[in-house]
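For the sequence shown, the residue numbers in the working numbering are 23 to 240.
Here's the structure, in structure tokens; my notes come after.
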Amino acid sequence: MKKALVIAIDGPAAAGKGTLARRLAAALGLPYLDTGLLYRAVGRRMIDAGLDPATHPADDQARGIRLADLERDDLRVPEVDRAASLVAAQQAVRAILVDTQRNFAIAGGGVLDGRDIGTVIFPDATVKLFVTASTQARARRRWEQMAPDLEAPDRAARIAEVEAQLQARDDADASRAVAPLRAADDAVWIDTDDMTADEVLDEALRIVRQRTGDLKTG
Ligand code: CDP
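Okay, here's the thing in structure tokens:
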């Protein structure tokens, strides 16, 4: 049987993984799963239940997660950023969410973005990308996504605040014992600092074509 085309995209917070993954999936006609939303949905449920995700096991909340939960519109707020990162450090939570992620793409392929897709979820993915950017660039982009007023007089201070939060989350994600944020040995890095979204997409498509071409001829 022909192996399904799975594209794993990992990298730190707000590096542009989601934008790339969505556009790549559309260009290749593949389904897209933002795996961060799974952890965000679990974190959200902990907050809603009044449970501290730093100290309380989140297994029950993780077991109840369905793809429909990822449609909630209250998953991309700072308190959920933090709660997601805390529940994501729990081994039991990760174990519960493995099947959802594998089943999503195992038959028909797919594009998945997260922190451990190329290392843990799909170690045999056809293409692995590690998308990154400086903390300054990531903080500026994240703030621009959220900010109601791009001309705010305290812009610099607000961006510095976002940068500190991103850095704290990356440090926690990269230093946890289970499935830490890291590039797979065979991942291709894309540093998006000086690239537009179109350039990132073109570069990713070039890597995918090269890799799938190599597989045909190899
Ligand atoms: O969008 P952003 O890059 O800010 O974060 P996200 O991808 O939505 O992920 C939120 C949190 O979920 C991360 O900080 C990680 O702790 C966790 N996560 C993970 O551990 N493994 C994944 N495959 C995806 C997300």
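All C-beta atoms in this analysis are idealised placements derived from N, C-alpha and C, irrespective of residue type, glycine included.
Predicted model, so just to flag it, every value in this text is computed and none were measured.
Distance check for A49 and L92, CA to CA, integer angstroms please. 22 Å
What residue range is occupied by the uninterrupted beta strand (DSSP E) comprising T218? No beta strand (DSSP E) holds T218; DSSP gives it neither H nor E.
I'd like the ranges of any alpha helix (DSSP H) spanning at least 4 consecutive residues and lying wholly in the stretch 64-106. 81-85
How far does the alpha helix (DSSP H) with K150 in it extend, from its first residue to its last? Unbroken run through K150 is the beta strand (DSSP E), V149 to T154; no alpha helix (DSSP H).
Might you give, ordered along the chain, the residues of its own chain that have their beta carbon closer than 6 Å to the beta carbon of A159, omitting 5 neighbours on each side? D215
Does the beta-carbon of L59, which I'm using as the reference point, lie nearer than 7 Å to any heavy atom of ligand 1? yes
Own chain partners of E166 with C-beta closer than 7 Å, once the 5 adjacent residues on each side are dropped: L172
Ligand 1 heavy atom lying under 7 Å from the CB of R45: no
Could you please give the first and the last residue of the uninterrupted alpha helix (DSSP H) stretch that includes D195? R177 to S197
Contacting residues, own chain, Cβ-Cβ under 6 Å from R44 (five flanking each side not counted): Y54
First and last residue of the uninterrupted beta strand (DSSP E) at L203: Run containing L203: none; DSSP gives neither H nor E here.
Our contact map puts A26 next to G140 with C-beta atoms below 8 Å; I'd like the distance itself, whole angstroms only. With a Cβ gap of about 15 Å, A26 and G140 do not count as contacting.
CA nearest to the CA of G58, picked from A71, A84, H78 and L73: A84
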